[in-house]
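Remarks on the structure that follows.
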Amino acid sequence: MPEDSIDHIDFDNLRERAISQPLVTHLFTADPSAHVFDGKIYIYPSHDVDAGIPFDDLGSHFAMEDYHVFSMDNAHAAVVDHGIALHVRDVPWASKQLWAPDATEKDGTYYLFFPAKDHEGIFRIGVATSPSPTGPFTAQPEPIRHSFSIDPAVFNDEGSYYLYFGGIWGGQLQRWRTGAFQAEGEGPLVHLPKDNEPALCAKMARLDDSLLEFVETPVDVLILDEAGKPILQGDNERRFFEAPWVHKHKGTYYFSYSTGDTHYICYATGDNPYGPFTYQGRILNPVVGWTSHHSIVAFQDKWYLFYHDSSLSEGVTHLRSMKMTELIHDELGRIQTIDPYS
Ligand code: FUB
-13 MPEDSIDHID
-3 FDNLRERAIS
7 QPLVTHLFTA
17 DPSAHVFDGK
27 IYIYPSHDVD
37 AGIPFDDLGS
47 HFAMEDYHVF
57 SMDNAHAAVV
67 DHGIALHVRD
77 VPWASKQLWA
87 PDATEKDGTY
97 YLFFPAKDHE
107 GIFRIGVATS
117 PSPTGPFTAQ
127 PEPIRHSFSI
137 DPAVFNDEGS
147 YYLYFGGIWG
157 GQLQRWRTGA
167 FQAEGEGPLV
177 HLPKDNEPAL
187 CAKMARLDDS
197 LLEFVETPVD
207 VLILDEAGKP
217 ILQGDNERRF
227 FEAPWVHKHK
237 GTYYFSYSTG
247 DTHYICYATG
257 DNPYGPFTYQ
267 GRILNPVVGW
277 TSHHSIVAFQ
287 DKWYLFYHDS
297 SLSEGVTHLR
307 SMKMTELIHD
317 ELGRIQTIDP
327 YS
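Residues in the sequence shown are numbered consecutively from -13, following the numbering used here.
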């Protein structure tokens, strides 16, 4: 929901109509990536702060400096804040803007994947490791080789690990169309495809055994329409903007993502982790706040959507609160669209 429309919102009424409440209120948290490790839910969100930087289309106001990890013993349990898990000052290659992270586990080591701007102002993706799911995490001295842009999401497909990433506008994905970073040109629309051209795709690559490197050059995550044609850049209500996520349900791979300036979380399905994926529909209608970003996780016998909104901060786009609600796949595998306010 755009920031200029919040003047008319009755926030008391909106908070009453919300289908779920913030999981924590002592911090602002966003972009929640949830996983189940050893029978508990762990959440890896961004930690939103107000750095006094004005709103712009490049997301400069998202000036986050650290990550906290949260856990829940079950889907209804109290949320525990495990404190600072990683700070930007402890990441040698990074300068600022710790945006949406994700995590995974392999052989007893936990891996936190995170984007940040390097010392040249270019978004890269780093990895930090810990023997505990709650950290503290130790960052690798360099970002992942050949990584770029934002919003890493790691998907463990029965022991093969894939990293999905990317985001347009402030996430800089459009600046990598030639394979090298194009620094010249102002504003978020520079270097984007034309409206009648295929949309810019999220990227993905399989990780090597160490989970610290790609084994391949990142490839496009193609989203096709019902006729088998690539979704176009001008199709703002369906094209990829940011926040990729993959889950697998009954053998089908679900690629979900945010449409950014139209504020939907949508999904597409495929029969393998590389896609292509065919557009299916909306998972989440717009929340209060400009961004929408989610994760989807199975816990015990249910599926949950983790998401965020800005209702607690009364519409401040960069002060968001993570939430969760049940997500339903129907008998045909379609995801029921969720309305965040009833
Ligand atoms: O939290 C900063 C950015 O906002 C994320 O990386 C995007 O997905 C959007 O939620």
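Where is the CB? At the ideal position from N, CA and C, for every residue including glycine. Note that the structure is predicted; figures quoted are calculated from it, not measured.
Opening and closing residue of the beta strand (DSSP E) in which residue i lies
i: ASN142; result: 139 to 143
i: LEU193; result: Where LEU193 is concerned, there is no enclosing beta strand (DSSP E), given that its DSSP letter is neither H nor E.
i: ASP206; result: 205 to 207
i: PRO230; result: 228 to 235
i: PHE292; result: 288 to 295
i: LYS309; result: 307 to 313
Contacting residues, own chain, Cβ-Cβ under 8 Å from residue i (five flanking each side not counted)
i: TYR96; result: PHE23, ALA89, THR90, THR115, SER116, PRO117, SER118, PRO119, GLY121, PHE123
i: LEU208; result: CYS187, PRO216, GLY261, PRO262, PHE263
i: LEU210; result: PRO216, ILE217, ALA254, PRO262, PHE263, THR264, TYR265
i: ARG131; result: GLU199, PHE200
i: MET310; result: SER6, LEU9, PRO18, ALA20, ALA61, TYR290, LEU291, PHE292, TYR293
i: GLY94; result: PRO117
Proximity test, Cβ basis, 8 Å: residue i and chain B
i: LEU313; result: As a matter of chain content, chain B is missing from the structure shown, which is built from one protein chain.
Own chain residues within Cβ distance below 7 Å of residue i, not counting five before or after
i: ARG163; result: HIS177
i: SER330; result: The question about residue 330 has no answer here: the residues shown for the chain are numbered -13 through 328.
i: ASP34; result: PHE14, THR15, ALA16, MET50, HIS304, LEU305, ARG306
i: THR255; result: THR238, TYR239, TYR240, PHE263, THR264, GLN266
i: GLY220; result: ASP181, ASN182
i: ASP59; result: LYS26
i: GLY69; result: HIS54
i: SER328; result: ARG3, ILE5
i: HIS73; result: GLU51, ASP52
Residue i, buried or exposed, once every other Cβ within 10 Å from all chains shown has been counted against 16
i: PRO272; result: buried
i: LEU98; result: buried
i: VAL(-6); result: The amino acid occupying residue -6 in the given sequence is His; Val does not appear at that position. Exposed is the call here.
i: PHE332; result: Because the chain in this structure spans residues -13 to 328, residue 332 falls outside the shown range and cannot be described.
i: LYS189; result: buried
i: VAL205; result: exposed
i: THR203; result: exposed
i: PHE167; result: exposed
i: ARG161; result: buried
i: GLN7; result: exposed
i: ARG320; result: exposed
i: HIS12; result: exposed
i: ILE27; result: buried
i: ARG268; result: buried
i: LEU175; result: exposed
i: GLN83; result: buried
i: LEU270; result: buried
i: ALA329; result: Limits of the chain in this structure are -13 at one end and 328 at the other, which puts residue 329 out of reach.
i: LYS236; result: exposed
i: ARG3; result: exposed
i: ARG75; result: exposed
i: LEU149; result: buried
i: LEU193; result: buried
Residue range of the unbroken alpha helix (DSSP H) whose run includes residue i
i: GLU106; result: Here GLU106 belongs to no alpha helix (DSSP H), and DSSP marks it neither H nor E.
i: LEU149; result: Premise fails: LEU149 lies in the beta strand (DSSP E), 146 to 151, not in any alpha helix (DSSP H).
i: PHE14; result: Element bounds for PHE14: not the alpha helix (DSSP H) but the beta strand (DSSP E), 14 to 23.
i: GLU2; result: -3 to 3
Expected contact under 8 Å - CB spacing of residue i and residue j to nearest Å
i: PHE109; j: GLN158; result: 5 Å
i: PRO246; j: ILE314; result: Looking at the sequence provided, one finds Gly at residue 246 rather than Pro. GLY246 to ILE314, Cβ: 25 Å. No contact.
i: ASP287; j: PRO326; result: Not quite, the Cβ-Cβ distance comes to about 24 Å (not below 8 Å), so this is no contact.
i: GLN18; j: SER281; result: A small fix is needed here, since residue 18 is Pro in this sequence, not Gln. Sure, about 6 Å apart at Cβ, within 8 Å.
i: GLN126; j: VAL113; result: 5 Å
i: PHE(-3); j: SER297; result: 6 Å
i: PRO87; j: SER146; result: Between SER146 and PRO87 the Cβ distance is about 21 Å, and since that is not below 8 Å, they are no contact.
i: GLY156; j: ASP43; result: 7 Å
i: PRO230; j: PHE151; result: 7 Å
i: GLU212; j: THR248; result: Not a contact, Cβ separation roughly 19 Å.
Residues of its chain near residue i, where Cβ-Cβ distance is below 6 Å and the 5 sequence neighbours each way are ignored
i: SER133; result: ARG110, ILE111
i: ALA61; result: PHE285
i: TRP79; result: ASP104, GLU128, PRO129
i: ASP67; result: HIS54, PHE56
i: PRO101; result: TRP85, PHE109, ILE111, ILE136
i: ALA63; result: none
i: SER81; result: LYS103, HIS105
i: SER299; result: LEU305
i: ASP143; result: PRO259
i: GLN322; result: ILE314
beta-carbon residue i near ligand 2 non-hydrogen atom, thresh 7 Å
i: TRP155; result: Annotation note on ligand 2: not contained in the displayed structure, which lists ligand 1 as its ligands.
- prompt: Quick one: complete beta strand (DSSP E) runs, 3+ long, within the region 245 to 284?
  reply: 251 to 256, 263 to 270
Entirely enclosed beta strand (DSSP E) segments - the region 26 to 96, minimum 3 residues: 26 to 34, 52 to 58, 66 to 73, 80 to 82, 88 to 92
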